[in-house]
Structure formats: structure tokens, C-alpha cells
Amino acid sequence: MSESKDETEFRTRAIHVGNEVDPSTGAVVPPVHFASTFQQPGAGEWGQYDYSRSGNPTRSGLQTTLASLENGCGSLAFSSGMAAIHAVTMLLESGDHVVAGTDIYGGAYRLLHQICNRSGIEVTLVDVTDLQAIEKAITDRTRLIWTESIGNPRMTISDLPAIAKLGKRRGILTGVDNTFGTPALLRPLEYGIDIVMHSATKYLGGHSDCLGGTLAVADKELFDQLYFVQNATGAVLDPMSSFLIARGLKTLDLRIREQSRTALRLAEWLESHAKVRSVLYPGLASHTQHELATELFGQHQNGSKETHVGAMITFELDASLDQVRQVCQSTKLFRLAVSLGAVESLIEQPATMSHASYAPEARAEHGITDSLIRLSVGLESFADLRSDLEQAFAATQS
């Protein structure tokens, strides 16, 4: 648990908070504690740690760092992003109702519609850019509003302050998947959101070498409820992944800002390309919510004159389904793979990959067309990534 707010800047806290010098050896990098159990001072007397499902020093260090970076009272690390979202839904009971965005990750869609429904939890999907639509969908059984700071895959922007106010006024929990935004660029708890979630597999880890998920909250009672769920169900993050994500956090601020710069340049280039029908990137003036994105993200730039809005781009090709597949399979630097947020750039077709769990009619209803391509922009040079896409586009000419 975070006891007090550290006034140092984000980048400094990412390196030092939760990563204190090891008192027994002086090591500047804390050791990884693989122990599954811990000796106790006496029968019925409990030390700080007893069993690694309930708490582990390496996981605790990561959680301390994250609580500081999110400006929350506490954070919890899970075995995956989906395990973290699942823990949130386990706060609900049979008969409860969830309002969720239409522009959400396919795994979250599947959880809400094919797992939560087994417990009698109902879900209504709405366009969360329309506050009136959210309010209209709320019933007397609504207990959770779930959205994404930057929607996946259509890059919609949620008005977090307005959603938080609506939730508090109606006594409803609000949760935000901020995986695309990262705490370096956007901190939803500061806008009044109750729960912020990250797939730590992505930007927090940043190197495609670990799996994890996190939750952070600003309310102690809510933290205790989520900790109870985590400890009771056991989907905790292992020590090695905790170490890798803690290490990734130290360079998060640098990585996401540089990736965002390259993403903006690529989005501008794609927007002018003859083969591209449309580009969805909040950093473009053409994005329907560009002003909102600039306002929300601009308040978390740590003194920078630039406003970075992430490194994810979705664009629509003016091409057939087969041609879109050919483009995705023809890149050489962009790896054809699901996931995102790491140092290497990735490309995928949402309709057949990240959002394949949607029924075809649901994909059509929510604008996830076969012609959409999603890019995760890494740390390669802009010129090389542009050239890679150009040669992939050329491959569709024959």
C-alpha cells in the first residue's frame, strides 16, 4: 500500500520507488524472491509474508511502484490482464448489470459475454463517447461502467472526468483499461475513476517477454475488496514476471514518448497515402475527439511541450479482404502478431486476430471491418517503418 504521495517526478519514481537498495547486501537492484512460503515467528503469529499467493516481496515492490505512478492508494499485480479484469467483475453479484464500451478489447468482450453471463451478470454495450447513451443504458441494477481510455481497435477517447462524475452521482463503480494510454501519459484515478487496469504484458513490461496485469485504486476499502478476491482466487503475478515488469517501468516514460512521436509521423504519412481510406489516431487533427484527447493527455506530460497520445494506430485500407491480409503478411519489420506496446513494431488484422472473439454481426455493428489494420509502433526509426509499410502496400498491386 502507498502511504504518502511522493513529490518527485514520474520518471524518478519509476526508477526508485519500490526499488530500494537491498539492506542485507547493498544491491541497487532488489533480489527476486522465488520462495513460495515464509517462516513465521510462532504458531498463530504472522510475519509480513506467509505464502506467495497472499504476498511476495518481489510482487510487493512492483505494486508499490505502480501505486506511486498511478497516484493511487494501492495496486495489485495479476497473472494476466484478463485475470485483472476478471477480478473486477468478481466484485459483482448475480443480477448485477454492466455498461461497457463498444470499442473494447476482444478478450474483455468475451469475458463479459461468455463468462460473466454464466453468473447472471448482464452487459449492455454502448458508445462511451456519448454520455447520454451511457446514462440511458444505466438501470437500477447497474454496478459497473467499464471503458478504455483509448478504445481498441477504433481509438475512441473516453471522457474520463465526465464518466467518473456520472458513476459517483449514480453510485456506480467506474473502471478504465488504460493499457494504450499508460500511466506515463494518462492517470485515470486523478480524474475520479475508481479502478484503472493495465495489461502489463504491453507497455509496462515493454519487451514482449512476460505476461501480467495490474489494477490500481485510490480508495482503501475498494483495494481491500480487490485484494480479497485476488487472494481467494489466486491469479497472482509470479516473481520473475514481477521483476521484468518492474524493470520495464524504469524506461516506460522514455519509451512511450518516443514511440508516440514516431506514431504521429506514421499516422500523418498514412493519412496522405493513396491506398489508405482512413486513419484513426487521436493525435491527428482529423480525429473526431482530437481536442478531448489533447485536453486529457495534455495534463500529464510532466512539463513537456508535446502532447503524446500513445503509439497505437488503426487505419483502413482501400482494398479487398485478401489484399489487407497480404499487406499484414508482407511486412518485414512489423511482426504479424497480437499484443502491442513493446520495443518491436507489430501489425495485425483485428477482425481475424485481436477481435476474432466477436461474432461477425457484432464486429460489423461496432465498426470492426475486415479492412482495418492495427499497428503497434515500436522503437525502430520512422523512415524504416514507413519504408516497410510502403513495400507491403506495393505487394498488393499484382
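Residue numbers for the sequence shown follow the numbering used here, so the first one is -14 and each next one is one higher.
Where is the CB? At the ideal position from N, CA and C, for every residue including glycine.
For clarity, every value in this text was computed on a predicted model and none was experimentally measured.
Bounds of the beta strand (DSSP E) holding residue 63 are 59 to 63. Beyond the five residues adjoining it in sequence on each side, residue 269 comes within less than 6 angstroms, by CB distance, of 252 in the same chain, given in chain order. As a beta-bridge residue in DSSP terms, residue 360 pairs with 298 and 332. Between residue 201 and residue 52, the CB-CB gap stays under 8 angstroms. Taking a 10 Å sphere around the C-beta of residue 31, we find fewer than 16 other C-beta atoms and assign the residue as exposed. The shortest CA-to-CA distance from residue 234 to any of -6, 50 and 40 is the one to 50. Straight-line spacing of the CA atoms in residue 157 and residue 130 works out to 7 angstroms. Judged by beta-carbon spacing, residue 140 lies beyond the 8 angstroms limit of residue 338, meaning their Cβ atoms are not closer than that value.
Per DSSP, residue 225 is not a residue of any beta strand (DSSP E); the alpha helix (DSSP H) it occupies stretches across 224 to 256. Judged by DSSP in its simplified three-state form, residue 184 adopts strand.
Rounded to whole angstroms, the Cβ separation of residue 309 and residue 257 is 19 angstroms, and the two are not in contact under 8 angstroms. It is roughly 11 angstroms from the alpha-carbon of residue 189 to the alpha-carbon of residue 226.
Listed in chain order, the non-local C-beta contacts of residue 126 below 7 angstroms within the same chain comprise 80, 81 and 82, local neighbours out to five positions each way being set aside. As the crow flies, the alpha-carbon of residue 301 is around 9 angstroms from that of residue 359. Under the three-state reduction of DSSP output, residue 73 falls in the helix class.
Looking at the DSSP output, residue 130 shares a beta bridge with 84 and 159.
Residue environment: residue 134 is assigned as buried (16 or more neighbouring CB atoms within 10 Å of its CB, all protein chains considered). DSSP places residue 202 in the strand class (E or B) of the three-state scheme. Annotated three-state conformation of residue 265 is strand, per DSSP. Assignment of residue 0 by DSSP, reduced to helix, strand and coil, places it in the helix class.
In the same chain as residue 322, and ignoring 5 residues on each side of it, the C-beta atoms closer than 7 angstroms to its own belong to 331 and 333, in chain order. DSSP places residue 189 in no alpha helix (DSSP H); its state is neither H nor E. In the three-state DSSP reduction, residue 55 falls in the helix class (H, G or I). Under the 10 Å beta carbon count, residue 230 is surrounded by 16 or more other beta carbons and is classified as buried. Looking at the DSSP output, residue 135 sits in a beta bridge with 142. Taking 8 angstroms as the cut-off, the beta carbon of residue 222 is found no closer than this to the beta carbon of residue 366. Here residue 90 carries a coil assignment [DSSP, helix/strand/coil].
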